[in-house]
Amino acid sequence: MEKIAMIGVGYVGLVSGTGLADFGNEVICADIDEEKIKKLKNDVLPIYEPGLLELVQKNVKQGRLSFTTDLEYAIKNSRVIFSAVPTPSAANGEVDLSYVFNVVDNMADVIDSYKIIVTKSTVAVGTGDKIKERLLSRGVPEDMFDIVSNPEFLREGSAVGDFMRPDRVVLGTSSEKALNIMKDIYKSLYLIETPIVATDVRTAEMIKYASNAFLATKISFINEVANVCEKVGANVQMVAKAMGLDGRISPKFLHAGPGYGGSCFPKDTLAFTKIAEQVGMEATIVKAVIDVNHRQKIRIVKKLLNFVPKLKGKTIGLLGLAFKPN
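So, in structure tokens, the structure goes:
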């Protein structure tokens with residue numbers, strides 16, 4: 009059993025912290041939002057995710073999961089500290105890391121024994137190096153901590169299953185000691201033979217962006233196919249079904265529609281292009297994916313105008329406001 013602090017109890021932090029507790033670890037979930045923590049202590053979750061409430065209640069009852077607003081307490085009483093704070097898009101499209109660095113500064117002030125600092129949030133490539141530099145500049149000895157990148161791959165609506173039965177676990181670190189401790193944290197997954205991808209920090213950070221950019225690419229691709237199908241009289245659903253039967257392609261994310269949305273794909277595809285720009289490259293394919301996704305929404309409005317040329321003053325009904333049913 010490992011003692012873990014999960015800093016940030018939003019979507020990623022709550023699901024991950026609860027899942028790690030269910031793996032047999034002792035997890036303290038910490039957040040500065042007093043109202044959120046108060047509600048969590050009373051079994052009121054800030055998000056809805058099928059099966060999550062029951063998992064929270066189970067692990068709280070069994071003494072493996074607790075909630076607090078005291079970040080110092082959580083850090084001091086844990087050897088492994090996960091950062092799961094928000095990383096929104098900045099005005100220029102890059103990732104805003106201010107919340108991440110605030111957590112690092114809080115840690116620097118209270119680290120008094122060896123800690124493994126794990127980034128769970130989606131961060132720009134090179135963030136792990138910046139975290140290390142920040143801790144060293146604030147006087148934390150290099151032998152007192154190790155850095156790990158452990159990106160999340162949760163889908164809204166199926167996050168509990170995604171965490172408990174993942175396709176893979178990515179662990180990026182240069183420390184053999186930290187790697188072995190992290191593997192031990194996830195040892196419950198050995199029973200279902202989950203692949204553990206052990207790599208360096210920068211590669212782990214890039215894996216998350218590359219994965220999301222590729223999935224977004226599949227969505228924009230099938231939408232472009234759908235638009236051509238509409239013009240030539242082909243059935244895009246049958247096209248997608250036949251494509252998906254090819255083992256090299258798979259049917260997942262081949263569903264034509266208004267384009268991708270949610271909290272990850274728009275942010276991560278844009279951030280990917282910015283990462284490329286910073287090293288003098290142009291992410292041509294990902295930029296096209298973003299462009300197709302934007303045009304898909306405009307296309308829907310244009311189709312509506314073809315049916316109802318004068319929309320002004322009309323009442324428009326929207327069937328479903330969420331980007332997923334659950």
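Per this note's numbering, the very first residue in the sequence shown carries number 9; after that it's consecutive. The beta carbon of each residue, even a glycine, is placed where N, CA and C say it ideally should be. Here the structure is a predicted model, which means the values were calculated and not measured.
Boundaries of the alpha helix (DSSP H) around residue 227: 209-240. Inclusion of residue 125 and residue 77 in the CB contact set at 8 angstroms is not warranted, their separation being larger than that value. The DSSP-derived three-state label of residue 202 is coil. If you draw a straight line from the Cα of residue 154 to the Cα of residue 102, it comes to about 26 angstroms. Residue pairing of residue 126 in beta bridges, as defined by DSSP: 90, 156. Boundaries of the alpha helix (DSSP H) around residue 252: 244-252. Between residue 118 and residue 84, the C-beta spacing is below 8 angstroms. Residue environment for residue 89: buried (at least 16 other C-beta atoms within 10 angstroms of its C-beta).
For residue 76, the pairing in a beta bridge is given by DSSP as 38. For residue 25, the enclosing alpha helix (DSSP H) starts and ends at 19-30. With 16 or more other CB atoms across the displayed protein chains lying within 10 angstroms of its CB, residue 72 is buried. In its chain, beyond the 5 residues on either side, 284 have a beta carbon closer than 7 angstroms to the beta carbon of residue 290. DSSP, reduced to helix, strand and coil, places residue 9 outside both helices and strands of the structure shown, so it counts as coil.
In this structure, residue 293 places its C-beta atom within 8 angstroms of the C-beta atom of residue 225.
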